[in-house]
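*Asks:*
Residue numbers (the working numbering): 2 to 143.
1) Can you tell me where the alpha helix (DSSP H) holding residue 43 begins and where it ends?
2) Run the CB neighbour count on residue 83, radius 10 Å, all protein chains shown included, and call it buried at 16 or more, exposed below.
3) Restricting to Cα atoms, I'd like to know which of 106, 34 and 105 is closest to residue 118.
4) Check whether the stretch 55-67 touches the stretch 107-118, taking contact to mean three or more Cβ pairs, one atom from each stretch, closer than 8 Å.
5) If contact is defined by three or more beta carbon pairs under 8 Å, each pair taking one atom from either stretch, is the stretch 78-97 in contact with the stretch 33-51?
6) CB residue 47 to CB residue 38, shorter than 8 Å?
7) Which of helix, strand or coil does DSSP assign to residue 36?
Take a look at the structure:
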C-alpha cells in the first residue's frame, strides 16, 4: 500500500509529463530555424505565429499533466481519507488551486522562453550584420 508521500512523488511524472518540455524545446529549435528566412516580414510573422501557437500548445500540455497528477492524488485521497493528516489535507487543497493556476503559469513561462529566444536571436542577427558591414568597409578601404 502506498503512503501519501509516495503517491505524491509518483504522480509528479505521468503520461503527460513529456508534453510541455517537448513543445518548449521544439519551439526554441523552430524559432532558431525560422531565423534563416531572409525576408524580414516573413521571418517576423512566422516567429510571432509560432510563439503564439506553441505557447497555447504548451499551456494545454501543462494543463493535461496537472489534471492527471491531480486525479491520481485525488483518487488516492478519496480511498484513504482516514490516513490523511491535516497537513496532507491542506496540501491537497493547495494542489486543487494548482489545477487552475498551474497551466496559466506554465503557459506564461513558455511565452517568456519564446520571447527571450526571439530577442537573443534578434540581437545575434544584429551583431552578425554589423560584423559583416564592418568587414565590407575594411575590404573597400584596401
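Don't be surprised by glycine CBs; every beta carbon is placed ideally from N, CA and C.
*Replies:* Looking at the atomic coordinates:
1) The sequence position of residue 43 within the chain shown is 42, counting from 1. That run of the alpha helix (DSSP H) goes 41-80.
2) Within the chain shown, the letter at position 82 stands for residue 83. Exposed, by the Cβ-count rule.
3) Against the chain shown, residue 118 aligns to sequence position 117. Measuring from the Cα of residue 118, the nearest candidate turns out to be 34.
4) yes
5) no
6) Stepping through the chain shown from its first residue, residue 47 is reached at position 46. Stepping through the chain shown from its first residue, residue 38 is reached at position 37. Yes, the pair counts as a contact, with Cβ atoms nearer than the cut-off.
7) What you label residue 36 is simply residue 35 of the chain shown in a count that begins at 1. Note: residue 36 maps to coil in three-state DSSP.
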